[in-house]
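Residues 640 to 901 (my numbering) are what the sequence shown spells out, left to right.
Please read the structure below before turning to the comments.
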Amino acid sequence: MVSDTAVLFGFHAIGVRLKLDPGSILELYADPARRDARMRQFLQRAQAAGVRVIEADGQRLARLAGGHHHQGVVARVRPLQLGRTLDDVLDQLDARCEAERRADPPLLLVLDGVTDPHNLGACLRVADGAGAHAVIAPKDQACALNATVAKVASGAADTVPYLMVTNLARTLDALKVRGIWVVGTSDDAPRSLYEQDWRGPVAIVLGAEGKGIRPLVRRHCDELVAIPMRGAVESLNVSVASAVCLYEAVRQRLSLGAPRSA
């Protein structure tokens, strides 16, 4: 496959692409042996959108998807352009808020050292659900977007910008210049995340499970908070931790009124 295409597989991932931009789907491969109602409805949507459907057996689908968890559907697609840089994302957010005359402070998720595609996919899904504006990760020692990430993300890889940056510490400093408060998570932090005001522009920094955020990244955070752990386990999976933090921000923004000034 050429370098300017990507592979999606599974009903959720391809279904979101059908909803967002069916014209970006170059080819849709489907297993003719699967004739259940879900497949019939899915193919009807694809055909109604003018997407080319090609019959392919399970072995060919597995080769295309890199595994057997494709649910009988694989697509070759053009990548969507969600925002090439962090400045693009934030400038577009500012413009949208100004045009709609409403406040929507940046809510960013920063992942330091998350290398597992299942964890990344789950984090993207959480970020989409919470309305986060982007997920940021370093180019080194981090997972890139791939078909497995897209499958686990259930379409969120097409809706949440995933920005891989050369220098994460420098990026955190750039966020501060734009008035975004950088909050890292650490087991030894003196304050709970529930004591933090999440209503203003904020970037939440999470590290890989077990290792946490790296010392250099930690030093570039404005402050640190901890997720209270009341049982025997010492830490949460990074996607679960992402959900805990992001949805506390959502809860505060929904229930506690206007955001603080940056």
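All C-beta atoms in this analysis are idealised placements derived from N, C-alpha and C, irrespective of residue type, glycine included.
Computed from a prediction, not measured in an experiment: that's the story for all the values here.
Rounded to a whole number of angstroms, what is the C-alpha to C-alpha distance between residue i and residue j?
i      : j      : result
Thr798 : Asp755 : 20 Å
Gln731 : Gln698 : 43 Å
Gly654 : Leu807 : 33 Å
Ala687 : Ala738 : 34 Å
Arg717 : Gly662 : 9 Å
Gln891 : Pro829 : 21 Å
Gly706 : Gly839 : 42 Å
Ala871 : Val877 : 17 Å
Ile664 : Ala676 : 22 Å
Thr644 : Ser831 : 43 Å
Alpha carbons only, please: which of the options is nearest the one belonging to residue i?
i      : options                           : result
Arg679 : Leu659, Gly697 and Val712         : Val712
Arg817 : Val788, Leu885 and Pro745         : Pro745
Val841 : Ala847, Lys815 and Asp726         : Lys815
Ala865 : His859, Ser825, Ala704 and Val749 : Ser825
Cys884 : Ala769, Asp660, Gly649 and Tyr801 : Ala769
Glu862 : Ala771, Leu657 and Asp836         : Asp836
Gln720 : Leu802, Ala766, Pro867 and Asp743 : Leu802
Tyr668 : Ala685, Gly851, Leu659 and Lys658 : Ala685
Using 10 angstroms around the beta-carbon of residue i, count the other beta-carbons present and answer buried if the total reaches 16, otherwise exposed.
i      : result
Gly849 : exposed
Lys790 : buried
Val774 : buried
His708 : exposed
Ile693 : exposed
Ser894 : exposed
Asp670 : buried
Ala734 : exposed
Thr600 : Any question about residue 600 goes unanswered here, given that the chain covers just 640 to 901.
Gly823 : buried
Determine which residues share a DSSP beta bridge with residue i and list them.
i      : result
Leu747 : Ala773 and Ala842
Gly851 : Ala847
Leu667 : Val692 and Ala714
Glu862 : Val822
Leu647 : Ala714
Tyr801 : Val774
Count Cβ pairs between the region 756-768 and the region 778-795 that sit closer than 8 Å; are there 3 or more?
yes
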